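Working notes for the structure below.
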Amino acid sequence: MGNLIKYEWRKQRTSRLLILASLIISIILMIGGSISESDVVIGFGVLIISIAGMFSVFYLGIESLIVYNRDLRTKQSYMLFMVPHSTWEILGAKFISAILQMFFAAVAFLIGMAACFSVIAVYETSIGELMRAIWEFIGRTPEFNWIPLLQALLLLFIVWATVIMTGFLAVTLSRTVLLKSKFAGLISVVLFFVISGVTERIHIFLINLRNVTAQGILSQISFFDYAFYILVCMILFFASGWIADRKLSI
Amino acid sequence: MIAESRNLTKVYRGKQVVSDVTLKLRGGNIYGLLGPNGCGKTTWMKMMTGFVKPAKGEVIFDGAPWTYRAKSEIAYMPTEAFFYDFMKVASVGKYYKDFFEGFDEEKYEELVRKVGLDMDMKVRDLSTGMMAKLKVIATMSRKAMLYLLDEPLNGIDLKAREEIVDVILMTVSAKNVIVISTHLIEEVESFIDNAVFMKDGKILREFDTETLRMQEGKSIADLYRELM
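Chains as they are written, first to last, in the UniProt record's numbering: chain A, 1 to 250; chain B, 1 to 228.
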């Protein structure tokens, strides 16, 4: 299993290197701009790290779907499926690798941002002053709590992982039961949105059962929300594995 | 007996591309799976490897029904280039070593040198002939009971063919069996022990090549022309 994950990880190395490069460039811009007291340069750094940070997590997830589709569609599928592992292990390695890579990007950018914004705040620039003001505001506000913010980020990550798992199921369907259909691609895209929509409907239905208001959802992310999406992830994995194990021919 | 195909059948879009194929593969032999393009050779091999699910029938490997664990003892070489684009010749060997117990790294490196490849070559830059050699070398450096080589001599020059045949002959032993699918009858006639003729998804006839020569006084090529 470790080897399977290693090679899955390798398949997206170029993207990870680009993401790391953008992170390093933005850090250099922010630190360089702080030392040279140039707000424009710092601004560029902040812009790059914000955009790259936001999109890299989403992109790595989508790219894992592109890689999965390519692995099933091209002759490289032999490389993946000739190894003495079950379909479950092969798909499991893909899922784990996709989640690890998204996690890698999220953590890399969070650490990079926190470090850079702390450095910026030390220097006498306009953005530095702004950063100090923000830190001071946070420090002066006793009710400011990092926990809900981190909880929201974690939930966002798990929800995105669920979306990616839905994508895996859609790709699996398009390469198995829908293979003979002319519209396999279109049907799998429609299925992707249907499954995502149904998941959200069920989530809202269960929240209503628990009698939580919309505002309550935002302020109190509960164990239920994590559990719900993790359970959906597991169901999607078992559905993909079950179908692939019985129907997948390469 | 190392492996057996029992009534294997595959249907694509309502057409039987492999039809009721029963074949027993005995250790120490090289089998030639002979037939024109599209006669079901590749699909049969893929069913033996587990890549394609049969509509009917079963594969018996080492005395038991096929499970994914059999893949550790079945070395399949597809006819197409299948290595990952990001790989070099060296990393192909590393991949095989990572996944296949008994992969002979020394044999791999020796054969790579012998056929004029370089460990630092990128697989996406290899010519058709070079790729054909690399596929055979990687597959035959595995320690397996069943080797399935799909058209290993396609599209490559005479010298490379000789090198590939040498590698195949070096590997065969009483503990394994090699199946070579091809439509290039003359190229394999001299070294295969059994000839299996396939047409329209069915096995027409199966011969021990020595018996064929001795009793019927015919070459495999002669018989191929008669049957096809």
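Each residue gets a CB set at the ideal place from its N, CA and C atoms; glycine is no exception. Quick caveat: nothing in here was measured; it's all calculated off a predicted structure.
Just to confirm my understanding: we take residue i, look at its own chain, exclude 5 residues before and 5 after, and list those with CB closer than 8 Å. What are they?
i: Met228 (chain B); result: Gly35, Pro36, Phe197, Lys199
i: Val52 (chain B); result: Lys10, Thr43, Lys46
i: Phe157 (chain A); result: Val57, Met102, Phe103, Ala106
Is residue i helix, strand or coil by DSSP?
i: Phe237 (chain A); result: helix
i: residue 315 (chain B); result: An answer regarding residue 315 (chain B) cannot be provided, because it is not within the stretch 1 to 228 covered by chain B.
i: Leu155 (chain A); result: helix
i: Ile156 (chain B); result: coil
i: Gln215 (chain B); result: helix
i: Ile250 (chain A); result: coil
i: Leu179 (chain A); result: coil
i: Asn22 (chain B); result: With the sequence shown as reference, residue 22 (chain B) is identified as Thr, and Asn is not the correct amino acid for it. Three-state result, Thr22 (chain B): strand.
i: Phe71 (chain B); result: Checking the displayed sequence, the identity of residue 71 (chain B) turns out to be Lys instead of Phe. Looking at Lys71 (chain B) - three-state DSSP - the assignment turns out to be helix.
i: Lys53 (chain B); result: coil
i: Lys143 (chain B); result: coil
i: Ala174 (chain B); result: coil
i: Glu101 (chain B); result: coil
i: Phe223 (chain A); result: helix
i: Asn3 (chain A); result: helix
i: Gly139 (chain A); result: helix
i: Gly27 (chain B); result: coil
i: Pro148 (chain A); result: helix
i: Phe83 (chain B); result: coil
i: residue 264 (chain B); result: Residue 264 (chain B) lies beyond the stretch modelled for chain B, which goes from 1 to 228, so this question has no answer here.
i: Leu117 (chain B); result: coil
Is it the case that the CB of residue i approaches a heavy atom of the ligand COA more closely than 7 Å?
i: Arg10 (chain A); result: Looking at this structure, you won't find the ligand COA or any other ligand, since it has none at all.
Output the distance between the C-alpha atoms of residue i and residue j, rounded to the nearest integer angstrom.
i: Ser127 (chain B); j: Ser181 (chain B); result: 22 Å
i: Asn208 (chain A); j: Glu200 (chain A); result: 12 Å
i: Leu173 (chain A); j: Tyr68 (chain B); result: 21 Å
i: Ile49 (chain A); j: Val177 (chain A); result: 42 Å
i: Gln16 (chain B); j: Arg16 (chain A); result: 46 Å
i: Val136 (chain B); j: Lys56 (chain B); result: 30 Å
i: Leu100 (chain A); j: Ala52 (chain A); result: 18 Å
i: Arg142 (chain B); j: Ala115 (chain A); result: 49 Å
i: Ile62 (chain A); j: Met79 (chain A); result: 22 Å
i: Asp157 (chain B); j: Gly2 (chain A); result: 40 Å
i: Phe223 (chain A); j: Leu60 (chain A); result: 26 Å
i: Lys11 (chain A); j: Ile96 (chain A); result: 14 Å
i: Gly28 (chain B); j: Gly197 (chain A); result: 58 Å
i: Leu191 (chain A); j: Phe104 (chain A); result: 29 Å
i: Lys133 (chain B); j: Phe193 (chain A); result: 46 Å
i: Phe81 (chain A); j: Ala75 (chain B); result: 12 Å
i: Met130 (chain B); j: Leu117 (chain B); result: 7 Å
i: Ser173 (chain B); j: Asp125 (chain B); result: 34 Å
i: residue 229 (chain B); j: Asp85 (chain B); result: In the structure as shown, chain B starts at 1 and stops at 228, and residue 229 (chain B) therefore has no counterpart that could be examined.
i: Val179 (chain B); j: Thr79 (chain B); result: 13 Å
i: Thr22 (chain B); j: Asp166 (chain B); result: 29 Å
Residue i bridges to which residues according to DSSP?
i: Asp208 (chain B); result: B:Asn194
i: Phe61 (chain B); result: B:Ala3, B:Ala64
i: Gln16 (chain B); result: B:Val11
i: Ile203 (chain B); result: B:Met198
i: Lys88 (chain B); result: B:Lys122
Looking at the unbroken alpha helix (DSSP H) that takes in residue i, where does it start and where does it end?
i: Ala138 (chain B); result: 128–140
i: Thr14 (chain A); result: 13–35
i: Val46 (chain A); result: 39–73
i: Asp125 (chain B); result: Counting along the chain, Asp125 (chain B) falls outside any alpha helix (DSSP H), and DSSP gives it neither H nor E.
i: Tyr108 (chain B); result: 105–114
i: Glu186 (chain B); result: 185–188
i: Met79 (chain A); result: 77–81
i: Leu227 (chain B); result: 220–227
Please list, in chain order, all residues of the same chain as residue i whose beta carbon is under 7 Å from its beta carbon, the five residues on each side excluded.
i: Thr209 (chain B); result: Ile192, Asp193, Asn194, Ala195, Ile220
i: Lys122 (chain B); result: Lys88
i: Ser72 (chain B); result: Phe100, Glu101
i: Ala244 (chain A); result: Thr87, Leu91, Thr172, Thr176
In the DSSP assignment, find the beta strand (DSSP E) that holds residue i and state where it starts and stops.
i: Tyr31 (chain B); result: 30–34
i: Thr42 (chain B); result: Thr42 (chain B) -> not in any beta strand (DSSP E); alpha helix (DSSP H) instead, spanning 41–49.
i: Gln101 (chain A); result: No beta strand (DSSP E) holds Gln101 (chain A); the alpha helix (DSSP H) holding it covers 87–122.
i: Tyr147 (chain B); result: 146–150
i: Val189 (chain A); result: Per DSSP, Val189 (chain A) belongs to no beta strand (DSSP E); it is in the alpha helix (DSSP H), 184–209.
i: Ser181 (chain B); result: 177–182
Given residue i, which residues of its chain have a CB within under 6 Å of its CB, disregarding the five upstream and five downstream residues?
i: Leu169 (chain A); result: Leu236, Ala239, Ser240
i: Leu72 (chain A); result: Arg175
i: Ala90 (chain B); result: Met119
i: Met102 (chain A); result: Val57, Leu60, Gly61
i: Val67 (chain A); result: Lys11
i: Gly128 (chain A); result: Ile120, Ala121
i: Phe207 (chain B); result: Ala195
Which of the residues in the region 166–199 of chain A, read from start to end, lie with their CB under 9 Å from any CB of chain C?
Reference to chain C is not applicable here, since the protein chains of this structure are A and B.
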